[in-house]
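Notes for the one structure printed next.
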Amino acid sequence: MMHTTQLSFSYDSSQVLTFPDLSVNEGEHTLIIGNSGCGKTTLLHLLAGLRKPTKGDVNILNQNITSMTPSEVDSFRGKNIGMIFQVPHFLRSLTVSENITLAQSLAGHKTNPKKVEALLEELNLKGKGNKKPHQLSIGEQQRVAIVRAMVNQPKIIFADEPTSALDDANTEQVIELLKAQANQHNATLIVVTHDQRLKDNFDNMISL
Amino acid sequence: MNLLKLSWKNLMSKPLNTSLSLLLFALGVGLISILFLLEDQIQKNFEKNLAEVDLVIGAKGSPLQMILSSMYHIDAPTGNIPLKGIKPFFNPKHPLIKSALPLSMGDSYKGYRIVGTTTDITEWYNLSLATGEMFVHNYDVTLGASAARNLGLKVGDHFKSSHGLVDDDGLEHDETPDFVVVGVLAPSGTIMDQLILTTPQTYWHVHDHDHEAETEEVEQGAEEVAVDENHIDDHEGHDHSADDHTGHDHGKDAHEGHDHGHAGAEIPKALVDEDGEQSITNLLLRFKGNSFQALNMGRSINQNTDMQAATPAIEINRLFSMMSSAEYALRILAIVIIFVSGLSIFISLYSSLKDRKYEMALMRVMGGAKSTLFSMIILEGLVLAVLGYILGILLSHGGMYIIGKVMREDYRYDFTGGYMLPNEGWLLLAAITLGFLASLLPAIQASRTDISETLSRG
Numbered sequence: 001m002m003h004t005t006q007l008s009f010s011y012d013s014s015q016v017l018t019f020p021d022l023s024v025n026e027g028e029h030t031l032i033i034g035n036s037g038c039g040k041t042t043l044l045h046l047l048a049g050l051r052k053p054t055k056g057d058v059n060i061l062n063q064n065i066t067s068m069t070p071s072e073v074d075s076f077r078g079k080n081i082g083m084i085f086q087v088p089h090f091l092r093s094l095t096v097s098e099n100i101t102l103a104q105s106l107a108g109h110k111t112n113p114k115k116v117e118a119l120l121e122e123l124n125l126k127g128k129g130n131k132k133p134h135q136l137s138i139g140e141q142q143r144v145a146i147v148r149a150m151v152n153q154p155k156i157i158f159a160d161e162p163t164s165a166l167d168d169a170n171t172e173q174v175i176e177l178l179k180a181q182a183n184q185h186n187a188t189l190i191v192v193t194h195d196q197r198l199k200d201n202f203d204n205m206i207s208l
Numbered sequence: 001m002n003l004l005k006l007s008w009k010n011l012m013s014k015p016l017n018t019s020l021s022l023l024l025f026a027l028g029v030g031l032i033s034i035l036f037l038l039e040d041q042i043q044k045n046f047e048k049n050l051a052e053v054d055l056v057i058g059a060k061g062s063p064l065q066m067i068l069s070s071m072y073h074i075d076a077p078t079g080n081i082p083l084k085g086i087k088p089f090f091n092p093k094h095p096l097i098k099s100a101l102p103l104s105m106g107d108s109y110k111g112y113r114i115v116g117t118t119t120d121i122t123e124w125y126n127l128s129l130a131t132g133e134m135f136v137h138n139y140d141v142t143l144g145a146s147a148a149r150n151l152g153l154k155v156g157d158h159f160k161s162s163h164g165l166v167d168d169d170g171l172e173h174d175e176t177p178d179f180v181v182v183g184v185l186a187p188s189g190t191i192m193d194q195l196i197l198t199t200p201q202t203y204w205h206v207h208d209h210d211h212e213a214e215t216e217e218v219e220q221g222a223e224e225v226a227v228d229e230n231h232i233d234d235h236e237g238h239d240h241s242a243d244d245h246t247g248h249d250h251g252k253d254a255h256e257g258h259d260h261g262h263a264g265a266e267i268p269k270a271l272v273d274e275d276g277e278q279s280i281t282n283l284l285l286r287f288k289g290n291s292f293q294a295l296n297m298g299r300s301i302n303q304n305t306d307m308q309a310a311t312p313a314i315e316i317n318r319l320f321s322m323m324s325s326a327e328y329a330l331r332i333l334a335i336v337i338i339f340v341s342g343l344s345i346f347i348s349l350y351s352s353l354k355d356r357k358y359e360m361a362l363m364r365v366m367g368g369a370k371s372t373l374f375s376m377i378i379l380e381g382l383v384l385a386v387l388g389y390i391l392g393i394l395l396s397h398g399g400m401y402i403i404g405k406v407m408r409e410d411y412r413y414d415f416t417g418g419y420m421l422p423n424e425g426w427l428l429l430a431a432i433t434l435g436f437l438a439s440l441l442p443a444i445q446a447s448r449t450d451i452s453e454t455l456s457r458g
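Shown next, in the form of structure tokens:
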């Protein structure tokens, strides 16, 4: 469902990042682990189409996203990829629910408040929909970010260091929640991290 | 969650910045719009009262003042002129003059000006009666529509006039007979709506009764003194002649009228048949055609007589050109304010971009295209501009409503904020353009947000 070939990227000519070819099958939740500075985030951005590689291709769902136009990539990402970041960010001017419905409309879907409501309830966020995101605790915010990543039924979920700011108990909880949600919505979870604690949670692991 | 709603929420999340931009924009738009309204209505008010008057004759003084007082009933009259100097202008066989309309002014009732004239005035201003009839006898009055409505007078009502053009009980002509309302005019949209019309002879009678007021009149400006002395001599002559000569018996009749009420009021003679020593305030003239001789007539009157002649079109143009420089200055000010408001929209959007950089990147991650971000920022600028425009228009039309009220009270002119001008449509277009331009650079900046770099920095 996702594979890369001869992927490399350079910010300038002196420093070239090359990545091993990756291949992930559908439903195979995968951990990409590597030390700080080895280009993990860059790789994730290449996979999600947020950057164009200097060389090589990224294929997701049998489509070569490297050859798409920028707006095609934006639209493809909105429909098929959910993203979760180390620190959850939201649009400050919108409520929790509005932030999630925004994800629906930006992906070109109809907004569906009932679905948003159900997802919030599923992640123990009942009644938080009308709050502003910054009024929630950091744990709640991370769960809202998961709802936002899930709301468009993506085929693939990229998580960038989702646990590095959390303690052991919360780390376990968040990662199991991510996996459970991914399973429930038939999505493949790909986590990029330097967090060694996650090794035991994944069968597939790629070291950079 | 459409873009417009998103833009709106973004604006509302910064209420102070947004209201400052809105306020500035509204002030600029409001100022320009009120200038449009004032210009339009002043021009309309002046134009509809022109009544094809080619020349105004009156006592020497400021020609503009004479035009304003005789045709627009704004300023005080320049003084009076004796009948003998103007009798030839009433001759229907005059080679240049088509018609002449006499005006006597200086008295009022509760701030509404009383004008002594002939019933020819209906033809000059296209007047028709709503109720009753035109004045026939002395002390008969026919009221303009607004005057009747605002004074609460109807046919058959009585009142006493007062000397001067301001509402002052102390100057009431209380020795004179009552004026009797015999008719009310239909609204004409001209200054006639605001006047009280009667015969010129009524003025003479009223002032015959009121010597004290006459003496006060003498104390006004030097040129007026000459005229007023004539006036007083003339009145004294009347008093004698009323006793001695049958030829001047109308003064006596007036006394009788006073004693016995309205029933005794006489039907006045035509002005050409009146004593040449009597006076009126102004004479309005219409020419048979704008010949060279007609143009020369004004100059000849100014050079060779104690009277002055002025052409309304010239004086009004002079007034407009005086006003236009003030208007020009105000317009420059308005444009500066609008420019600053555009700048304020630009600065507020541009500085908000820095805070919202991560939000922009997030929107891209969620599937938003560059054009989505571009449109969102442009929409924010447009929303500000359109709201500012609406606020500005409300401000100007509300302001015009208040100005209109004051103008009605002070000048008896109708000004209104209750309509839109085509120019205000152009103003909307200009506002939208400004909103677009102000948000263009921030929008380009937003669409160029480097998502990957922004997200990496957290």
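Protein chains in written order, with my numbering: chain A, 1 to 208; chain B, 1 to 458. Backbone N, C-alpha and C fix where the C-beta goes; we use that ideal spot for every residue, glycine too. Given the structure is predicted, the values throughout are model-derived calculations rather than measurements.
I want to verify the contact list: residues of chain B whose CB lies under 8 Å from the CB of A/T163, in sequence order.
Under the 8 Å cutoff, chain B gives no residues; its nearest Cβ is about 15 Å from A/T163.
Starting from B/E359, find everything on chain A with Cβ-Cβ shorter than 9 Å and list it in chain order.
H89, F90, L91, R92, S93
What is the rounded straight-line gap between the Cα of B/S351 and the Cα of B/L391?
24 Å
Using the three-state DSSP reduction, which class does A/R92 fall into: helix, strand or coil?
coil
Figure out for me which residue from B/G79, B/S99, B/I97 has the closest Cα to the Cα of B/G106.
B/G79
For A/R51 and chain B, any beta-carbon pair shorter than 8 Å?
yes
Report the option in B/G368, B/E274, B/T433 whose CA atom is closest to the CA atom of B/L83.
B/E274
How would you label B/K44, buried or exposed, when you count the other beta carbons within 10 angstroms and need 16 or more for buried?
By the neighbour-count rule (16 or more Cβ atoms within 10 Å), B/K44 is not buried but exposed.
Interface residues of chain A around B/S452 at Cβ under 7 Å?
H45, L50, R51
Three-state secondary structure (DSSP) at A/Q6?
strand
Shorter than 8 Å from the beta carbon of A/K110 to some beta carbon of chain B?
no
Closest to B/L37 by C-alpha separation, out of B/G399, B/L55, B/G388, would be which residue?
B/G399
Along the alpha helix (DSSP H) that carries B/K48, what are the first and last residues, could you check?
15-48
Does the stretch 195-204 of chain A come into contact with the stretch 123-138 of chain A, if we say contact requires no fewer than three beta-carbon pairs (one atom in each stretch) closer than 8 Å?
Counting C-beta pairs with one atom in each stretch, the stretch 195-204 of chain A and the stretch 123-138 of chain A have fewer than three that are closer than 8 Å, which means they do not touch.
Would you verify that the beta carbon of A/S8 is, or is not, closer than 8 Å to some beta carbon of chain B?
no
Output, in chain order, the set of chain A residues within a Cβ distance shorter than 7 Å of B/K9.
S93, L94
Straight-line gap, B/L440 to A/P113 (C-alpha atoms, nearest Å):
Answer to the nearest angstrom: the Cα atoms are 33 Å apart.
Distance cutoff 8 Å, beta carbons only. Does B/M366 sit that close to anything in chain A?
yes
Pick out whichever of B/Y139, B/T190, B/L185 has its Cα sitting closest to the Cα of B/P268.
B/Y139
Which of helix, strand or coil DSSP assigns to A/K199:
helix
When the Cα atoms are used, what is the spatial distance from B/E348 to B/S341?
Before going further, note that residue 348 of chain B is Ser rather than Glu in the sequence given. The alpha-carbon atoms of B/S348 and B/S341 are separated by roughly 10 Å.
Alpha-carbon spacing of A/T188 relative to B/S447, whole angstroms:
30 Å
A/P133 and A/V96 - do their beta-carbons sit closer together than 8 Å?
A contact, by the Cβ cut-off of 8 Å.
Could you tell me the distance, in whole angstroms, from the CA atom of B/W204 to the CA atom of B/G116?
10 Å
Tell me which residues share the same chain as B/L455 and place their Cβ nearer than 6 Å to its Cβ, disregarding the 5 neighbours each side in the sequence.
A361
When you compare the CB of B/A443 with every CB in chain A, is at least one pair closer than 8 Å?
Not a single CB atom of chain A sits nearer than 8 Å to the CB of B/A443.
Using 8 Å as the limit for Cβ to Cβ distance, is A/G129 near chain B?
no
Within-8 Å CB hit, A/D74 to chain D
This model lacks chain D altogether, as its protein chains are A and B.
Taking A/K212 as part of the alpha helix (DSSP H), name the residues at either end of that continuous run.
There is no way to answer for residue 212 of chain A, as the model of chain A reaches only from 1 to 208.
Run through chain B and tell me which residues come within less than 8 Å of A/K79, C-beta to C-beta.
G367
What whole-angstrom Cβ distance do B/V182 and B/G144 have, given they're in contact under 8 Å?
Contact flag wrong, Cβ pair sits at about 14 Å.
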